[in-house]
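Residue numbers (the working numbering): 18 to 696.
Here it is as structure tokens:
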């Protein structure tokens, strides 16, 4: 372990079951894994520092990612929220859209909004989409109405989203100032500070989500800051965002919604960097922790970004790494539905009490218990500081096995296969459904349970190569350390592709670039700044747009023909036609600019030390419906040349790798263990 005084940078990621720490100092990396504390997630930060023996005063920078914001929404434990909208739009969050996410569900109900109707106030004003005012805001009248609305109201935060405020925010800013003057104790969130793009329902939902989690994030970060300060910390605290970039903690006050899905985003960032060291730039990531499986497709070293995501079925209009999540993790509970069908997840045993094998009082069968029964996790292994109880795992599965008339091991393997099928379906959503053949990608598993399932998932998708990073169980925490600072700015401005369009593009993109530069300057961020721009474009009359990359170097000489050619190229890629569309009017709807400030130094995960005592030895396993004679070996005992055939269990410090029949190790490259099909 690196001495505490040498520590300079620390990444801590809080998951549903474990809190992971990766610390970088002059002498190398330190890795620690401790149980999460669901009731007090910030306590996991200090438990991890204590377990690593790291003094807070020795840390120059701490980067943090957690599921606190996401959990606040999923569990509906955010702020007591009030909403102020334009007159006539009081029911916006309740009307939502006419489409249904599950069209064949006869009992489908729209997601419950975060704000009750009685907690919504509509004010008299009307801004048009060009920024002009059809109805001016009467400040005195509005202040009287807001004062009456807030009087005696037990709320903690106010979201303000006025019609077309993205085009002209003056009314929204006036309402903000009124609320702050009347109730300085309330957290106030304006849509203009969160997202300046059109579509009123999605923009209002995003603003409400940001306001809903803002006090939660403020309180959470405040407790971490106070705890660190009490330990002598004087360094920088950064927070991971869902777009794959990190920001100084004080920037989170601008828009807390960017903290949603920050943990999974950190994992993708770490996977991209580590897999790239061994030459794999086209990858599919498979992050399996205690509660869920998160998958993401990465093409040419860049993960796909989505313009809109959903949390608890509520839309979030914010650039996020395009991660698809299913409820299949190590703690996922195995159960029978009303029709007698075997299911795995989405409910999880979490960290408390955890799977039955943890010996903490859990009595329901979970996926981790299934792996122990099949021998894929050795019964005498430890997970972090937890010694496993194989008999408790068997006892948890026994009633269900008896009910189904199956052997315990047979049921356990069936549960694993169901979980794998769910993971495969999630990967197809981000690959095949988007025009990508998964066979053209390598699979990169991480998280505590990722390497246990990876080869089975690869088999189902005909993927030939699996790349297992070192310390795969803490790769998300490592991703925090390698993440760049990242910022985003967007703006809706409808621009027909006609003669004035190039000048409008130069003007709008230039303003967004200047805005991001100013934000970096205000935060005192030094280093090179890399900008990338994209345009949302469509044929006039269409309801949705395509994201079209815009090279900033092309701006000075940009022409209408350049814009049309770029749009047609993307249209051709997505829909396999587009070159014959000339003559149909095209327009730009929204502009976006992304800024990155790269790390000055990116640490590499060290290869596990050579383990002469961990050579292959016999290990019984249950596979393909019967007992098989497998092998058990430590990762440090594998030679760089590879050649270990399955079935085998490969033990690493933070994860266990299952190598089934038909697969073999093919060497170690840049610390990554390469698994391939046997020839």
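Glycine residues also receive a C-beta, built at the ideal position from the N, C-alpha and C atoms.
Cβ-based burial, residue i [other Cβ within 10 Å; buried from 16]
i: residue 356; result: exposed
i: residue 36; result: buried
i: residue 24; result: In this prediction, residue 24 has a pLDDT of 48, which is less than 50 and means its spatial position is unreliable; nothing more can be read from the coordinates.
i: residue 138; result: buried
i: residue 358; result: exposed
i: residue 464; result: buried
i: residue 605; result: buried
i: residue 168; result: exposed
i: residue 204; result: buried
i: residue 26; result: buried
i: residue 592; result: exposed
i: residue 676; result: buried
i: residue 490; result: buried
i: residue 524; result: exposed
i: residue 232; result: buried
i: residue 258; result: buried
i: residue 567; result: buried
i: residue 125; result: exposed
i: residue 698; result: In the structure as shown, the chain starts at 18 and stops at 696, and residue 698 therefore has no counterpart that could be examined.
i: residue 100; result: buried
Beta-carbon proximity check, residue i vs residue j, cutoff 8 angstroms
i: residue 653; j: residue 681; result: no
i: residue 369; j: residue 55; result: yes
i: residue 556; j: residue 587; result: no
i: residue 208; j: residue 178; result: yes
i: residue 249; j: residue 473; result: no
i: residue 337; j: residue 212; result: no
i: residue 300; j: residue 459; result: yes
i: residue 373; j: residue 409; result: yes
i: residue 262; j: residue 293; result: no
i: residue 95; j: residue 38; result: no
i: residue 549; j: residue 611; result: yes
i: residue 661; j: residue 632; result: no
Residue from the options with nearest C-alpha to residue i
i: residue 366; options: 34, 572, 27; result: 34
i: residue 80; options: 635, 550, 57, 30; result: 30
i: residue 256; options: 619, 498, 317, 692; result: 498
i: residue 692; options: 295, 126, 446, 186; result: 295
i: residue 242; options: 650, 225, 266, 85; result: 266
i: residue 350; options: 223, 260, 414; result: 414
i: residue 142; options: 609, 115, 582, 158; result: 158
i: residue 439; options: 569, 362, 228, 542; result: 362
i: residue 59; options: 123, 568, 86, 304; result: 86
i: residue 65; options: 88, 40, 45; result: 40
i: residue 216; options: 477, 543, 181; result: 181
i: residue 500; options: 280, 48, 405; result: 280
i: residue 569; options: 562, 580, 206; result: 580
i: residue 609; options: 649, 504, 117; result: 504
i: residue 420; options: 483, 78, 352; result: 352
Straight-line Cα distance separating residue j from residue i
i: residue 655; j: residue 488; result: 15 angstroms
i: residue 246; j: residue 540; result: 20 angstroms
i: residue 20; j: residue 57; result: Note that residue 20 scores a pLDDT of 39, beneath 50, so its modelled location is shaky and nothing firm can be said.
i: residue 270; j: residue 315; result: 30 angstroms
i: residue 560; j: residue 332; result: 17 angstroms
i: residue 70; j: residue 252; result: 17 angstroms
i: residue 113; j: residue 102; result: 15 angstroms
i: residue 393; j: residue 673; result: 8 angstroms
i: residue 61; j: residue 462; result: 24 angstroms
i: residue 235; j: residue 536; result: 20 angstroms
i: residue 264; j: residue 506; result: 14 angstroms
i: residue 585; j: residue 601; result: 11 angstroms
i: residue 526; j: residue 552; result: 9 angstroms
i: residue 702; j: residue 502; result: In the structure as shown, the chain begins at 18 and stops at 696. Residue 702 is therefore absent and cannot be evaluated.
i: residue 93; j: residue 134; result: 16 angstroms
i: residue 28; j: residue 291; result: 16 angstroms
i: residue 554; j: residue 174; result: 35 angstroms
i: residue 228; j: residue 322; result: 23 angstroms
i: residue 150; j: residue 195; result: 19 angstroms
i: residue 699; j: residue 43; result: Because residue 699 is not part of the residues shown, which for the chain are 18 to 696, the question remains open.
i: residue 371; j: residue 411; result: 15 angstroms
i: residue 22; j: residue 620; result: Per-residue confidence for residue 22 stands at a pLDDT of 42, beneath the threshold of 50, marking its modelled position as unreliable; no derived number is given.
i: residue 98; j: residue 226; result: 10 angstroms
Is it the case that the region 330-350 contacts the region 307-316, given that we only count it when at least three CB pairs across the two stretches are under 8 angstroms?
Contact between the region 307-316 and the region 330-350 is present, with at least three C-beta pairs closer than 8 angstroms.
Contact between the region 616-628 and the region 679-695: three or more CB pairs below 8 angstroms?
Contact between the region 616-628 and the region 679-695 is present, with at least three C-beta pairs closer than 8 angstroms.
Does the region 46-55 touch the region 505-514, meaning 3 or more C-beta pairs lie closer than 8 angstroms?
They do not touch, by the three-pair rule.
Report yes or no: do the region 374-390 and the region 449-459 share at least 3 C-beta pairs separated by less than 8 angstroms?
Taking 8 angstroms as the limit for Cβ pairs, the verdict is that the region 449-459 does not touch the region 374-390.
Cβ contact (3+ pairs, closer than 8 angstroms) linking the region 633-649 and the region 417-437:
When C-beta atoms of the region 633-649 are compared with those of the region 417-437, three or more pairs fall below 8 angstroms, so the two segments count as touching.
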